[in-house]
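Protein chains in written order, with this note's numbering: chain A, 3 to 165; chain B, 3 to 165; chain C, 3 to 165; chain D, 3 to 165; chain E, 3 to 165; chain F, 3 to 165.
Backbone N, C-alpha and C fix where the C-beta goes; we use that ideal spot for every residue, glycine too.
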């Protein structure tokens with residue numbers, strides 16, 4: 003139980019939320035990669051690619067929105083620390099006939115990890131695609147918003163299985 | 003093709019992004035409901051519920067963050083219109099042994115739908131839970147961020163199958 | 003108890019926070035006035051007025067910051083609705099030898115009141131003064147942040163006693 | 003007079019506002035604690051505690067809002083520097099029969115103090131409580147928004163008398 | 003002089019800033035168009051067009067940034083009212099051998115004009131181009147940020163001469 | 003061509019936007035100065051100076067807005083890094099009979115330059131003046147938004163010719 007308590011670092015002994023104190027830590031180089039999939043009903047993605055092809059504004063708008071959201075993670079996620087991100091990148095890739103795979107990589111020299119920044123960037127990039135294509139019909143979904151990899155920090159490096 | 007072009011309303015004839023002009027429309031009552039699932043590795047959710055139970059700050063923080071994000075949707079998603087939301091609500095429910103189901107409902111008297119507001123609220127509430135429990139391990143995922151229902155607007159009401 | 007529950011409109015039956023649904027209401031003209039006092043240790047205010055007199059940037063900066071904060075109330079106070087403020091004004095007045103009285107008035111054609119907008123504007127204007135004069139010493143305080151008056155809305159007009 | 007001018011560091015010789023240049027300073031560990039009281043008319047607080055008890059969303063929402071506001075202090079207070087806060091915490095305590103005491107503690111490794119961050123966090127947490135209970139009646143007030151303690155920095159540590 | 007005072011509507015009789023009260027006005031359809039030119043040293047623009055051609059992310063990023071900034075005008079310009087923009091569009095056009103002409107058009111059903119929204123969108127789109135090409139050298143400039151046209155409102159329609 | 007590609011650092015080989023990775027660089031002291039001119043139709047500026055003289059809120063509001071915008075540059079310009087600005091200052095000067103010259107100076111200990119911060123501050127200060135005097139007529143323009151000087155960083159110091 004003491005171990006569990008140690009794990010839920012954002013809650014105090016009495017269950018009250020708190021921002022974890024990182025002031026004793028030295029900044030180290032952190033990197034995280036997260037992904038999300040935008041999954042389309044049959045036929046829709048082909049139409050999107052024909053009309054708003056990867057070279058068009060559709061993918062660029064998603065990249066811009068994802069980068070901007072990653073930079074504002076600490077405004078959106080209450081207990082995230084403001085971090086001086088040194089880089090954010092968004093990649094979008096057609097996968098099979100009905101999926102756009104969005105990946106966000108974030109880096110910082112920081113006292114805490116950048117997982118939430120990568121996840122927030124991926125989520126908002128995916129939602130931006132959703133918004134721009136939603137007129138095709140309401141059956142589009144964002145699937146598997148998740149961390150792929152993180153490096154730096156005391157807890158060591160980690161990489162999702164199966165990638 | 004003309005039909006496809008009509009569908010991708012956020013892209014101009016030449017593929018350039020644009021905010022859809024809603025000035026000719028009258029405001030009507032709009033409502034949308036979206037959901038997302040936070041899925042935990044075996045055993046983790048039980049621990050979360052023991053330590054940061056539904057009555058604690060964990061769920062409350064997710065509700066606050068989701069509501070605040072829904073209100074800021076037009077800042078995050080580039081082509082969304084600023085909307086005077088009349089209500090945002092977030093529900094969080096334990097489903098089975100390894101899932102927290104997050105639902106966001108948004109309403110407005112507006113010239114355009116509130117789907118993106120509901121989706122953004124659900125996404126940020128789910129990411130807030132993720133952030134507060136991520137110390138338990140990196141295998142947590144957000145699954146199936148999607149629209150459940152929308153009412154109001156010219157395109158008619160819609161409800162996801164299987165709910 | 004049913005009456006109490008009706009009063010705490012921002013909490014559901016089970017104690018969960020919620021944004022009050024205002025979609026059934028018609029917009030009416032709302033106005034609210036709030037105030038706050040910045041109270042100085044003996045002698046400090048005289049110095050402030052000598053150096054950064056009412057004609058200088060000190061009061062102007064507080065007015066600007068108060069107006070800008072009032073416009074962003076719904077970003078700061080989680081359950082506030084985004085409101086199309088039609089006016090915000092900040093007045094600052096020297097009162098006695100050790101007090102600056104800040105007043106903020108907000109107006110909107112809206113479905114809900116503008117009390118929080120007036121209070122937020124007054125609070126941030128007072129804190130802006132505090133920030134600019136805090137080098138004089140740490141004994142400055144903001145006192146009595148409160149509503150002075152509100153008009154419009156179903157609950158009727160109200161004016162604080164003793165003013 | 004030269005001494006007074008040195009004190010009002012946010013105004014230039016000619017009374018124009020300016021952001022103090024901190025680029026010559028080395029970052030040191032800063033901490034500040036501020037408080038505010040939400041004072042209720044007789045009987046109201048008991049009702050609030052019965053309906054939206056400390057374990058409910060009311061206090062959690064105030065804590066979230068206070069933490070988020072502290073992180074955005076430099077957006078609200080014009081001459082505040084953007085600071086990489088390493089921790090923000092909000093405590094809320096029932097004091098006597100008619101007062102909720104809100105305390106905000108902020109920490110950073112920074113070139114300037116975090117007093118304004120602590121004060122802004124306390125103010126917005128108090129206003130969030132006000133918002134959620136204001137339906138009980140308009141006589142609630144926020145009193146004594148003030149600094150309790152600060153440590154770090156050239157001007158030395160300081161603690162308010164009587165605490 | 004009375005006439006001049008009427009003109010400087012954002013200043014009170016005593017020179018204090020104020021947000022103009024628009025609550026007595028009925029919303030009407032407003033539109034404004036503004037432009038800015040990004041002017042390049044000889045040869046630079048050709049290089050930009052070769053490398054980051056109009057079909058690439060460069061122009062798309064500027065369009066996204068301009069639209070997003072227009073939506074946030076009331077956060078940036080202190081006395082602007084928050085407006086429910088119904089449309090924002092950014093056009094970028096190569097003019098001659100050394101100029102990119104940026105145009106922003108904004109529309110709203112509002113109680114006040116949308117000139118500042120159009121100007122802010124044009125300015126930020128131009129600065130976004132500047133940012134992305136500034137590595138080519140520091141001699142790039144933004145010239146003639148100005149209103150081209152406005153329609154709607156009591157003061158009547160207006161169109162810049164020479165266009 | 004390889005050389006050109008090196009120059010457009012914000013675009014990848016395939017033309018996709020990216021935030022430049024600065025994590026390998028050490029923070030150094032950066033400073034930049036930018037300017038913009040607000041140019042008035044004949045006679046208008048004299049009226050502005052008579053009514054809202056340099057000692058009034060007009061110039062102060064522009065200074066506040068410019069400082070606040072400079073601090074938020076990374077929110078406005080998509081590929082800008084969040085920077086811990088150590089100082090921002092805005093100067094406004096009457097030049098001749100029809101021009102207000104706005105200058106913004108920004109400084110930071112950072113891994114990348116502060117040119118965009120200085121330009122954004124100058125642009126928003128100029129637009130704030132524009133907003134407050136636009137009731138005088140629509141012929142006002144912002145001219146020559148440009149960098150005057152930058153120091154620090156690998157590419158060396160630079161100063162605009164003719165100043």
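Classify residue i as buried or exposed, calling it buried when 16 or more other Cβ atoms lie within 10 Å of its own Cβ.
{"i": "residue 10 of chain E", "result": "buried"}
{"i": "residue 154 of chain A", "result": "buried"}
{"i": "residue 8 of chain A", "result": "Residue confidence for residue 8 of chain A is low, a pLDDT of 46 falling below 50, so the modelled location carries little weight; the figure read from the coordinates is stated next. The residue is exposed, with fewer than 16 neighbouring Cβ atoms inside 10 Å."}
{"i": "residue 28 of chain F", "result": "exposed"}
{"i": "residue 91 of chain B", "result": "buried"}
{"i": "residue 52 of chain E", "result": "exposed"}
{"i": "residue 4 of chain E", "result": "Caution applies to residue 4 of chain E, whose pLDDT of 37 falls short of 50 and renders its modelled position unreliable; the model cannot decide the point."}
{"i": "residue 35 of chain E", "result": "buried"}
{"i": "residue 16 of chain D", "result": "exposed"}
{"i": "residue 74 of chain D", "result": "buried"}
{"i": "residue 98 of chain C", "result": "exposed"}
{"i": "residue 115 of chain D", "result": "buried"}
Going by Cα to Cα distance, which pick from the options is closest to residue i?
{"i": "residue 21 of chain F", "options": "A:74, A:160, A:87 and A:79", "result": "A:87"}
{"i": "residue 140 of chain C", "options": "C:62, C:46 and C:28", "result": "C:46"}
{"i": "residue 112 of chain C", "options": "C:105, C:70, C:89 and C:145", "result": "C:89"}
{"i": "residue 83 of chain D", "options": "D:102, D:106, D:93 and D:119", "result": "D:119"}
{"i": "residue 93 of chain A", "options": "A:142, A:129, A:105 and A:100", "result": "A:105"}
{"i": "residue 44 of chain D", "options": "D:74, D:96, D:75 and D:100", "result": "D:100"}
{"i": "residue 131 of chain C", "options": "C:24, C:25, C:30 and C:96", "result": "C:96"}
{"i": "residue 69 of chain A", "options": "A:127, A:161 and A:152", "result": "A:127"}
{"i": "residue 24 of chain D", "options": "F:159, F:162, F:31 and F:25", "result": "F:31"}
If we call anything under 9 Å between Cβ atoms a contact, is residue i one with residue j?
{"i": "residue 85 of chain E", "j": "residue 134 of chain F", "result": "no"}
{"i": "residue 59 of chain E", "j": "residue 150 of chain F", "result": "no"}
{"i": "residue 38 of chain A", "j": "residue 125 of chain A", "result": "yes"}
{"i": "residue 33 of chain D", "j": "residue 157 of chain D", "result": "no"}
{"i": "residue 62 of chain F", "j": "residue 19 of chain D", "result": "yes"}
{"i": "residue 122 of chain B", "j": "residue 72 of chain B", "result": "yes"}
{"i": "residue 145 of chain E", "j": "residue 50 of chain E", "result": "no"}
{"i": "residue 143 of chain E", "j": "residue 147 of chain F", "result": "yes"}
{"i": "residue 79 of chain E", "j": "residue 129 of chain F", "result": "yes"}
Taking the alpha helix (DSSP H) that residue i falls in, what are its first and last residues?
{"i": "residue 63 of chain A", "result": "59-73"}
{"i": "residue 123 of chain B", "result": "117-135"}
{"i": "residue 50 of chain A", "result": "46-53"}
Residues of chain E with CB under 8 Å from residue i, in chain order?
{"i": "residue 91 of chain C", "result": "20 and 21"}
{"i": "residue 25 of chain B", "result": "31, 88, 89, 109, 110 and 111"}
Under 8 Å between beta-carbons, which chain B residues line up against residue i? List them in chain order, please.
{"i": "residue 67 of chain A", "result": "78, 79 and 80"}
Whose Cβ in chain F lies nearer than 8 Å to the Cβ of residue i?
{"i": "residue 113 of chain D", "result": "88"}
Can you tell me where the beta strand (DSSP E) with residue i in it begins and where it stops?
{"i": "residue 92 of chain F", "result": "87-97"}
{"i": "residue 153 of chain F", "result": "143-153"}
{"i": "residue 11 of chain C", "result": "Residue 11 of chain C -> no beta strand (DSSP E), and no H or E assigned at all."}
{"i": "residue 110 of chain B", "result": "101-112"}
{"i": "residue 22 of chain C", "result": "Note, residue 22 of chain C: premise wrong, no beta strand (DSSP E); not H, not E."}
{"i": "residue 34 of chain B", "result": "30-41"}
Residue i versus chain D: which residues are under 9 Å apart at the beta carbon?
{"i": "residue 71 of chain F", "result": "What residue 71 of chain F touches in chain D: nothing, since even the nearest Cβ is about 11 Å away."}
Any heavy atom of the ligand FMN within a distance shorter than 8 Å of the CB on residue i?
{"i": "residue 36 of chain E", "result": "Ligands displayed in this structure: none; no statement on the ligand FMN is therefore possible."}
Which chain C residues sit within Cβ distance under 9 Å of residue i?
{"i": "residue 59 of chain F", "result": "59, 61, 62, 65 and 66"}
{"i": "residue 159 of chain D", "result": "None at all; the shortest Cβ gap to chain C is about 10 Å."}
Please compile the residues from chain C whose C-beta is within a distance smaller than 8 Å of the C-beta of residue i.
{"i": "residue 74 of chain B", "result": "77"}
Quick one: which chain D residues come within Cβ less than 7 Å of residue i?
{"i": "residue 146 of chain C", "result": "143 and 145"}
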